[in-house]
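One rule links them: number in the numbering used here = place in the sequence shown (from 1) + 3.
Think of the CB as a built atom: it goes at the ideal place given N, C-alpha and C, for glycine as much as any other residue.
Everything below concerns the one structure shown next.
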Amino acid sequence: MSSAITPPPPGWYPAPDDTQARWWWNGSSWLRPRSEQATLRTITKLATATQVMVIVCGVLALALVGVEAMGITALTSYLDGNTSAVETLHLYDWAWTVGNALATVSMIAAAALWATWQYRVALQVPGLTRRAAGWHAGDWFIPILALWRPFQDISDLWRAVGRTPPRWLIVWWLLWIASFISFKWSNQIDSRAEALEQIRATMWSSILGEAFLVAAALMAFIIIRGITQGVIHRSQQR
């Protein structure tokens, strides 16, 4: 004859996830410390802010595609002998200057938010990634290492929160690297340009880089959402 196990009375007990924390047992369920709940709220807010900035970067990149297309059209018309296209080229110069400044500011803001968000997430899964939380933020800004380590870090986080990394994750990273290379190539051509045809080649390279960036931004939005949802789900399952 079996007897029902009597649950312990309400009180503070060692956490059920085998950590050093102490959780409150209300007689029927565990309540996490407010500090952990606050941490999850912070991660969620950071994720939302980062997603917003990523989309802003994507929208500005798409706008710059239009600006570069306008510049190519105007420059081609000028090379064909249409001198009135100079006015359009002046408009292109203004639009590109403003758009590039906005894109640079938004990219810096997105990078800062992303690094902070990734750092906070990595702190929630100690021992489950190949690198400590500090590296998850710093790898993005270290020359050479930034070519592959951030991708490894994101893959690790996806697994650490109990999810299988999607197959298209490598596509996101290759798009990001391709956009970086395209912009570098564009800047090199522009710095050595001695003819209008070379300037037009610079515009085409910029369009390619911006197009890669738009696609990478859309995937980045999904990555942030997926990992954040995984962190929350993992916490609820403890």
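Residue 71 burial status per 10 Å Cβ neighbour count (16 or more: buried): Residue mapping note: residue 71 aligns to position 68 of the sequence shown, counting from 1. Buried, since its Cβ has 16 or more Cβ neighbours within 10 Å.
Exposure of residue 108, with buried meaning 16 or more beta-carbon neighbours within 10 Å: If you number the sequence shown from 1, residue 108 lands on position 105. The residue in question, residue 108, is exposed, as its Cβ has fewer than 16 Cβ neighbours within 10 Å.
Proximity of residue 113 and residue 53 at Cβ, strictly below 9 Å: Locating residue 113 in the sequence shown gives position 110, where the first residue counts as 1. Locating residue 53 in the sequence shown gives position 50, where the first residue counts as 1. Yes, they are a contact pair.
Identity of the residue in 124, 57, 175, 209 nearest residue 191 by Cα: Here residue 191 refers to the residue found at position 188 of the sequence shown. Residue 191 has its Cα closest to that of 209, out of 124, 57, 175, 209.
Environment of residue 139 [buried if 16+ CB atoms lie within 10 Å]: In the sequence shown, the residue the question calls residue 139 occupies position 136. Buried, by the Cβ-count rule.
Residue 210 Cβ short of 8 Å to the ligand COA heavy atom set: Ligands are entirely absent from the displayed structure, and the ligand COA is therefore not among its contents.
Enclosing alpha helix (DSSP H) for residue 162 [first to last residue]: Start at 1 with the first residue of the sequence shown, and residue 162 comes out as number 159. Secondary structure note for residue 162: its alpha helix (DSSP H) is the uninterrupted segment 152–163.
Contact set for residue 58: own chain, Cβ-Cβ below 8 Å, skip 5 residues either direction: One-based indexing of the sequence shown puts residue 58 at position 55. These residues qualify, in order along the chain: 220, 224.
Beta-carbon contacts of residue 65 that lie in its chain and below 6 Å, excluding the five residues immediately before and after: Within the sequence shown, the letter at position 62 stands for residue 65. Once the five neighbours on either side are set aside, the close Cβ partners of residue 65 are 217.
Separation of residue 136 from residue 17, as counted between CA atoms: The count along the sequence shown starts at 1 and reaches residue 17 at position 14. The count along the sequence shown starts at 1 and reaches residue 136 at position 133. Rounded to the nearest angstrom, the two C-alpha atoms are 25 Å apart.
CA-to-CA distance, residue 236 to residue 9, given in whole angstroms: Here residue 9 refers to the residue found at position 6 of the sequence shown. Here residue 236 refers to the residue found at position 233 of the sequence shown. Distance between the alpha carbons of residue 9 and residue 236: 28 Å.
Limits of the alpha helix (DSSP H) - the one that residue 184 falls within: One-based indexing of the sequence shown puts residue 184 at position 181. Where residue 184 is concerned, the enclosing alpha helix (DSSP H) starts and stops at 172–195.
Cβ neighbour criterion (16 or more within 10 Å) applied to residue 156: Translated into positions along the sequence shown, residue 156 becomes position 153. Label assigned to residue 156: buried.
Short Cβ contact (9 Å threshold) for residue 226 with residue 123: Translated into positions along the sequence shown, residue 226 becomes position 223. Translated into positions along the sequence shown, residue 123 becomes position 120. Cβ distance not < 9 Å, so residue 226 and residue 123 don't count as in contact.
Cutoff 6 Å; reference residue 154; Cβ partners in own chain excluding five residues on either side: Translated into positions along the sequence shown, residue 154 becomes position 151. So the qualifying residues of the chain are 176.
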